[in-house]
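Notes follow once the structure below has been shown.
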Amino acid sequence: MASGIDFDEDTDMSGFSMRTLMGASAMKVISKYGIQEEPYTYRRYLSINTEILGEMITNATGYSLAEYMEQRNSFLR
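Just so you know, we're using the working numbering here: the sequence shown kicks off at 5 and counts up by one.
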C-alpha cells in the first residue's frame, strides 16, 4: 500500500470499475494513472494496489486472485 500511484478511492474507483466492466484491460486502465509520490514514501490504502497484485498473481500463476487464494487456503486446512 505504498505504490505512490495517483489514485483517489472516492473519485477514481467508479471510473476504473466501469472501464474494466466494459472490457478494458485492468492493467491498461491502471497504466493511465500517474504517480502521486515516490513509491514507498507514504503508506495509504488504495484498492487499486490490490487490483495490481491480483493481475500479477494471475499472470504468474494462471489463476485469478480468488482461485489462487482458495487454492492456498486449502493447503492450510
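Think of the CB as a built atom: it goes at the ideal place given N, C-alpha and C, for glycine as much as any other residue.
### Task
Could you check the C-alpha separation between G27 and V33 for me, to the nearest Å?
11 Å
### Task
Take the Cβ of I52 as the centre, count every other Cβ of all protein chains shown within 10 Å, and call the residue buried at 16 or more, exposed below.
Answer is buried; the Cβ neighbour count reaches 16.
### Task
Using a threshold of 8 Å, state whether the C-beta atoms of D10 and Y46 are closer than that.
no
### Task
Using the DSSP secondary-structure output, state which residues sit across from I9 in a beta bridge.
I39
### Euclidean distance between Cα positions of A64 and E41
27 Å
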